[in-house]
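Protein chains in written order, with our numbering: chain C, 141 to 429; chain D, 63 to 367. Glycine included, C-beta positions come from ideal geometry on N, C-alpha and C. The structure displayed is predicted, hence computed values, not measured ones. Notes to accompany the following structure.
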């Protein structure tokens, strides 16, 4: 009797897990399996699997120029975004590392892009970058059609994304800087090290664990960008901003090629999985925050 | 060595008390001036960078306050010459902005509440209870972090359209009702409490649920605050999923509703900016208000691993 009661108590633990696992089951595990399944089939317009084709969807992807273009564009985009957003976050964090009057206002401003939606930001940038009324052309005296020129469109979307992602980087770097002991700077300035030397010899090495973690998080986040492309460029001009998530969206919901879109989803998953494993590894190694 | 000491003694002797005092004062003033200059430079550099970072936001406010003929000129127009709230009035009357805002508050609010509920229940089980398969299940939860939402969005769309719940509140809310991140965050917080807290509560006849409600939740307010701010803002800013699953105007969330205005003709640009400013405001206010607890939650338990 007592044993039975105990056993029941043990199994009641599963009740606490039930709500979250129900959601995971329906909206994560099942669609995950289904995406892999779909990627092995030819589908009809409703997304129903019709004909098993094995790895043909993948083969088609790997031999199609469009996919290589999409991957190249995505990699260039990720590189610009990560570099830009980390640099912006780092500059802001360094500027806020010593107390001064008004620091609260400034640090809030630096973190603020975190709260902005990619869609809202994209609409603002659409006006800012407009060739005739846009303030960027007015301020710089240039006459560039930023969004419709294949040379600039990708950079514009990337700069916008870098801006959006810089807020959280500021927080990461601020936390990292807070962990560097003040006394090593004092000792260094007694030894005659100037500010630049201090930055490269003390600050950067002190930040390196969190720098690496932030790098990986930023890469993952950049791979998942969608709203800004949809609103700003729709993947164009040509295919110049056809990032992988936008490419999935277009294949599935405009071309009704669910099989190909599913195969691209699997590729995206593999990339993010690899990056996440790297991230977990860094975390386990004991990153100091 | 001895000559040096002699010289110093001599020099020291050469100054009177008053002169020494004056020198001292001068040095202090010099150091103070240097500090003032440094602080001034720091404030100047910060102002510059903050202006750059805030520029898109400040400019959007400026455009939202501009009469549309002021925007469509070739002249420099950083700041409206005749600021007006007309764009906001038009945005509120010509676009069902209120409906969008209510939708978004409802959806984001439900998601936030739901996530806090499901995540704290699951985290409680992982932190305090013993059961078979605990490690495997926890690993499974952690593994979900590797699956980007965008990779499953297509199958999810097929699922919900098969269920016939497209264009409803449930379809917007249901998929986001839990998160691995949240479970992880709460578990980390719970693990910082000693097991004896739970055991003594049990001895006093406290049920698991009562333990969660009366002891755990009040003790983890900062984690809940962080989670609430983070989840609400993310849900408010959702774009891809609502874009796919909402069709009618009545079901649109703020991001979808406003981006539907996204066309560049003279009348609608300033109106659109007024709309954008309006919908950024709630997430900004919540972020500023919750910033402290967000940072505390992010860096005290969550990421430490």
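- Look at residue 183 of chain C here: in three-state DSSP terms it is strand.
- Taking a beta-carbon distance threshold of 9 Å, residue 180 of chain C does not count as an interface residue toward chain D.
- When the Cα atoms are used, residue 253 of chain D and residue 285 of chain D turn out to be separated by approximately 13 Å.
- For residue 389 of chain C, a Cβ of chain D is located within less than 9 Å of the residue's own Cβ.
- Contact check between the stretch 301-312 of chain C and the stretch 356-375 of chain C: three or more CB pairs, one atom from each, fall below 8 Å, which counts as touching.
- The beta carbons of residue 259 of chain C and residue 292 of chain D sit about 18 Å from each other, so the pair does not count as a contact at 8 Å.
- For residue 107 of chain D, the closest Cβ of chain C is nearer than 9 Å.
- Close to chain D, meaning a Cβ-Cβ distance shorter than 9 Å, are the following residues of the stretch 283-306 of chain C: 300, 303, 306.
- Nearest Cα to residue 212 of chain C within the set C/396, C/410, C/397, C/363: C/363.
- Looking at the DSSP output, residue 402 of chain C bridges to nothing.
- Taking C-beta separations shorter than 7 Å and ignoring five residues to either side along the sequence, the partners of residue 406 of chain C in its chain run 175, 176, 179, following chain order.
- Ranked by Cα distance from residue 310 of chain D, the first of D/143, D/133, D/192, D/231 is D/231.
- Between the beta-carbon of residue 162 of chain D and that of residue 314 of chain D there is about 6 Å, and that keeps the pair under the 8 Å contact cut.
- Measuring C-alpha to C-alpha distances from residue 202 of chain C to each of C/417, C/400, C/420 identifies C/400 as the nearest.
- DSSP places residue 190 of chain C within a strand segment (E or B) once states are collapsed to three.
- Taking a cut-off of 8 Å for Cβ pairs, the stretch 266-283 of chain C and the stretch 229-246 of chain C do not touch, as fewer than three such pairs fall below it.
- Residue environment analysis places residue 320 of chain D among the buried positions, since at least 16 neighbouring C-beta atoms fall within 10 angstroms of its C-beta.
- With respect to the 9 Å criterion, residue 169 of chain D and residue 297 of chain D are classified as neighbours on the basis of their beta carbons.
- Judged by DSSP in its simplified three-state form, residue 158 of chain D adopts coil rather than helix or strand.
- Using a CB distance below 8 Å, no part of the stretch 190-216 of chain C faces chain D.
- Taking the C-beta atoms as reference points, residue 99 of chain D is found no nearer than 9 Å to residue 331 of chain D.
- Contact annotation: in the stretch 206-223 of chain D, residues whose CB is within less than 7 Å of a CB in chain C are 206, 207, 208, 209, 210, 212, 213, 214, 216, 217, 218, 220, 221.
- Close partners of residue 321 of chain D in chain C (Cβ separation under 7 Å): 259, 263, 371.
- For residue 185 of chain C, no CB of chain D lies under 9 Å from its own CB, so it is not counted at the interface with that chain.
- Residue 138 of chain D is positioned such that its CB atom lies no closer than 9 Å to that of residue 269 of chain C.
- When only Cα atoms are considered, residue 123 of chain D and residue 340 of chain D end up about 9 Å apart.
- For residue 196 of chain D, at least one C-beta of chain C is nearer than 9 Å to its own C-beta.
- Secondary structure at residue 313 of chain C: helix, using DSSP grouped into helix, strand and coil.
- Residue 91 of chain D counts as exposed, since fewer than 16 other C-beta atoms from the protein chains shown sit within 10 angstroms of its C-beta.
- Collapsing the DSSP output to three states places residue 209 of chain D in coil.
- Sixteen is the threshold: since fewer than 16 other Cβ atoms of the shown chains lie within 10 Å of the Cβ of residue 280 of chain D, the residue is exposed.
- In terms of Cβ geometry, residue 159 of chain D and residue 316 of chain D form a close pair [threshold 9 Å].
- The DSSP-derived three-state label of residue 349 of chain C is helix.
- Membership of residue 92 of chain D in the alpha helix (DSSP H) is indicated by the continuous run 79-126.
- In this structure, the alpha-carbon of residue 213 of chain D lies about 14 Å from that of residue 164 of chain C.
- Secondary structure in the stretch 216-257 of chain C: the alpha helix (DSSP H) runs of 4 residues or longer, each lying completely within the stretch, are 243-251 in chain order.
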